[in-house]
Amino acid sequence: AFVVPARDVVHRIRLLCFSGSHPGIADGRTLTPEEIVDTVLYGVVARPPTCSTHHADHTQRKASAC
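Take a look at the structure:
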């Protein structure tokens, strides 16, 4: 469930995609499509390791042995 109206979710995703992929706005450090998706789906806060296999498990932390 979203904590903001769906219209606001779409607006925020559009802003993140635009600003994150524009070299001038992102100070030359553009986001990859995977980074944008991970940010939208999982945020930027650390979470305890799980047995899930979503993209962030492979790029940001080692998955625990399950």
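Just so you know, we're using this note's numbering here: the sequence shown kicks off at 101 and counts up by one. Yeah, the Cβ is synthetic: ideal placement off N, Cα and C, and Gly gets one too.
At a Cβ-Cβ threshold of 8 Å, VAL110 and PHE102 do not count as neighbours. Minimum Cα-Cα distance from PHE118 among the listed residues ILE136, PRO148 and ALA106 corresponds to ILE136. Across the set ASP138, VAL145 and PRO148, the C-alpha of ASP138 shows the shortest separation from the C-alpha of ILE113.
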